[in-house]
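Novice: The structure follows.
In the working numbering, the protein residues as written are 66 to 1010.
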């Protein structure tokens, strides 16, 4: 158990140590990468589940009881105490030197101990709460009023902080004059005391007495509470009554068993088997794992959450109707087309800018680091609104559920606040670069940049969550028609039938504070920038200095200009309709403009883009240049390679012509088959089921991933030099991996869909509603793109300074990594872990689904019924057999017989042949598709008069 420390001044500590080195969990670089991935996944899940639980309890009136009040604080404490350790631990996996400053270490100990003590006493308070609820159910609300609950929670926080502060003071008043190597992955009392060169007896006694008192006292409250609970349960006459009463304690019992079990394992094991290493690995469990488990325990074992999640709330409103921008059907089609073009431009522009900065070492400066996050935020905040708006243009009823509306509002506010502060950070960055150009890298190190960005995201999310909770705790019992094209605070507050004064004041204060605060930082930064520019003697120097701010100035002028127009116009001319149309600009248009501004007005970005265009032009003219050296650092990439030569499948000219014809025919069949299948499903109402919804996306993915490779492969059969430039190769890798990962998970989703259809045919439409299907597909695309982007960035950040001849017919990870002249261990491990995880995870879902399908089929009594049920899976089974069979052939063959040539020819099958086979399989083996196709053919063949 870690106890917090006070940070003394230099006069109060005789330590010669100014920083500590954390030894971490392992020194094995390969194992560190694996642990990084695992801990990152666990941490992200912990953050989302705990904060999600807090949000759910806040906006759900049926959860406004003492039990859930304390549960929301437990979730908050779990989030806080894992967040004060895990992010730094994750960063340390990627650092060579895992150092933490003296004061940073003290702060970490203090916060971690505070929240650990809070958790201990919160669990005991929750045990007492369960005792009151079971022993005195009729007086529960009277004995545990809201005010008392609030006082108990505040007392817990205050006591925990005081305890932590005392422990911190006593720890950091010790003298550390020898080693500074802490045998732990975070700052903890016991390994820190082991480093002290002064007497630790007082500290050890204080640690033992306080830790013992806290654990024994809280455990005693838990035990006494459960003794009374057991007595109360035994008084119940019916078995069903006892079961129901006990079930209300099940989640809490699971939590305390896990928490105290870990503590007992750590502190009550025999001294002979105890070591700091044992503590270290046990600490992983209670620091990282337990905060993830608690929300799972309380959501999976608690049935009160289910009605909350599916739509019961204090409002009579369970969904909202968005008015949108117009009711004119013709204008809606026009707006759909315009918004779609703008949104696609935004997505391509922002993600393209991120990729360009990642793969261009000359852009690895603080300015462009912040610019990548600006592009990411623009992508996120337009994506939280625009896709749904586009769909609404095509819908008759533009509805959005209560919780989806809350999520959209939370995400949108989060990213808007992030954008405000990121623009102000970028203004400060420009001030530092112009005022102190020689010390720029020293004043703005990467660590400080990461801290600024992390603070921005955390604060943005906090504001977004607070605003969403405040809005959706209002009562909506009248109209549910929102006069906007997305869920926004102002029109939602206008619908509330409860008092909105607090919410309106909160909105005004927080929005005003954020806008003014960020604007003041921008203005002050530019005042200093102007003074710095005026100090420059030459006009050319002043012009160059000012030009580095031009793009940023344009962005903030557009952003703050829109905000000023919306909120500073006269009240007489202000209306929700005005806000609605002004919102189009900053929600849809600004995210498209920012990447254009930074590419058209920024010389360094234009230079990087110019190099890409020139490389593409030279490649198109078949310039036989195998290796192009980067002539100067300003021009450069860490690689000496600016393009790659693809070996292809053969050098025989006659065979190339034959392969050209074969590949062309297969590709045309793939395109016609997949796009035809999509069109058939769209125009056939009888195919508007979840199964065919997923099938249409399978066809789309097959079309995309074969199109990312095959056209270039076909063109290369006719070229003398099969070159592809550096950036085009990176894009091909990213797109190909994206769609392969999407295909994997889509096949597993389709297996689950077949399981639901066969296991619960009567509830099929209820269990697989269109909204859930859309969420599954969206998650698949987002995850697929994330994996593709991560793998592409990891590959193309390697150095390619030798041969650029790729032994493949397209850009693939494995042959590219084989060409790298820098260390590839991390990339190889990343490739192995992520590819293995995706393949196994998707395959496990498929196997488990089919095990349940087999059981379901065996329950059917008639042979004809079993045959019909199995026939609905035949096409899918054929597809997964071909897909996974090819993967297994490629990756599970003996190492002795494995080669890049084997992979190359196997790739032909899953890149070119499989996308052709899938539409054939689903049309030739599927009666419903054949019937739909026959009906369409019959309609087309009917004579018209």
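We put the beta carbon where it would ideally sit given N, CA and C, even for glycine.
Are three or more beta carbon pairs between the segment 986-1004 and the segment 891-902 nearer than 8 Å?
Specialist: no
Novice: Should the segment 852-860 be called in touch with the segment 938-949, which here means at least 3 C-beta pairs below 8 Å?
Specialist: Flag = no, the segment 852-860 and the segment 938-949 do not touch.
Novice: On the criterion of 16 or more Cβ atoms from any shown chain inside 10 Å, does residue 515 qualify as buried, or is it exposed?
Specialist: exposed
Novice: Please classify residue 715 as buried or exposed, where buried requires at least 16 other C-beta atoms within 10 Å of its C-beta.
Specialist: exposed
Novice: What's the call for residue 969, buried or exposed, on a 16-neighbour Cβ count within 10 Å?
Specialist: buried
Novice: Can you give me the start and stop residues for the beta strand (DSSP E) that residue 877 sits inside?
Specialist: That residue, residue 877, is in no beta strand (DSSP E); it is neither H nor E in DSSP.
Novice: Give the single residue among 282, 237, 217 whose Cα lies nearest to the Cα of residue 260.
Specialist: 237
Novice: So, does the CB of residue 806 fall closer than 8 Å to a CB anywhere in chain D?
Specialist: No chain D is present in this structure, which holds just one protein chain.
Novice: Under a three-way DSSP split, which group does residue 689 fall into?
Specialist: Because the pLDDT at residue 689 is just 35, under 50, the model does not fix this residue reliably, and the value given afterwards should be weighed accordingly. Of the three classes helix, strand and coil, the one that applies to residue 689 here is coil, per DSSP.
Novice: Since residue 775 contacts residue 977 with CB under 8 Å, what's their CB separation in whole angstroms?
Specialist: 6 Å
Novice: Taking the Cβ atom as the reference point for each residue, do residue 657 and residue 414 lie within a distance shorter than 8 Å?
Specialist: yes
Novice: From the DSSP output, read off the bridge partner residues of residue 157.
Specialist: Note: residue 157 sits in no beta bridge, so no partner.
Novice: Please state whether the Cβ-Cβ distance between residue 790 and residue 707 is less than 8 Å.
Specialist: yes
Novice: Just mark residue 525 as buried or exposed, buried being the case when its beta carbon has 16 or more other beta carbons within 10 Å.
Specialist: buried
Novice: Which of helix, strand or coil does DSSP assign to residue 547?
Specialist: strand
Novice: Which complete alpha helix (DSSP H) runs does the segment 469-508 hold, if anything under 4 residues is left out?
Specialist: 505-508
Novice: Does the segment 993-1005 come close enough to the segment 742-753 to have 3 or more Cβ pairs within less than 8 Å?
Specialist: yes
Novice: Which whole-angstrom value describes the C-beta separation of residue 925 and residue 934, a residue pair presumed to lie in contact below a C-beta threshold of 8 Å?
Specialist: 6 Å
Novice: Give the DSSP-derived three-state secondary structure of residue 580 in the structure shown.
Specialist: helix
Novice: According to DSSP, is residue 409 helix, strand or coil?
Specialist: helix
Novice: Out of 227, 630, 147, which has the shortest C-alpha to C-alpha gap to residue 359?
Specialist: Cα-wise, what sits closest to residue 359 is 147.
Novice: Per DSSP, which one or two residues make a beta bridge with residue 220?
Specialist: Paired residue(s): none; residue 220 is not in a bridge.
Novice: Under a three-way DSSP split, which group does residue 952 fall into?
Specialist: helix
Novice: Would you list, in sequence order, the uninterrupted alpha helix (DSSP H) runs of no fewer than 4 residues that lie entirely inside the segment 806-860?
Specialist: Counting whole runs of 4 or more residues, the segment 806-860 contains the alpha helix (DSSP H) stretches 829-832.
Novice: Using a 10 Å radius around the Cβ and a threshold of 16 neighbouring Cβ atoms, would you call residue 201 buried or exposed?
Specialist: exposed
Novice: Contact between the segment 167-184 and the segment 141-158 is defined here as three or more beta-carbon pairs at a separation below 8 Å; is this criterion met?
Specialist: yes
Novice: To which residues does DSSP link residue 464 through a beta bridge?
Specialist: 386
Novice: Please classify residue 555: does DSSP put it in a helix, a strand, or coil?
Specialist: helix
Novice: What number of angstroms, rounded off, separates the C-alpha of residue 891 from the C-alpha of residue 264?
Specialist: 44 Å
Novice: Does the segment 185-197 come into contact with the segment 279-292, if we say contact requires no fewer than three beta-carbon pairs (one atom in each stretch) closer than 8 Å?
Specialist: Touching, yes.
Novice: Looking at the strands, I want to know which residues DSSP matches up with residue 247.
Specialist: 87
Novice: Between which two residues does the alpha helix (DSSP H) harbouring residue 95 extend?
Specialist: 94-124
Novice: On the criterion of 16 or more Cβ atoms from any shown chain inside 10 Å, does residue 216 qualify as buried, or is it exposed?
Specialist: exposed
Novice: Which residues in the same chain have their Cβ closer than 7 Å to the Cβ of residue 536, if we skip the five residues on either side of it in sequence?
Specialist: Excluding residues within five positions, the ones whose Cβ falls inside 7 Å are 474, 554, 557, 558, 568.
Novice: So residue 411 packs on residue 444, CB below 8 Å; how close in whole Å?
Specialist: 7 Å
Novice: With a cut-off of 8 Å, do at least 3 Cβ pairs link the segment 479-494 to the segment 578-586?
Specialist: yes
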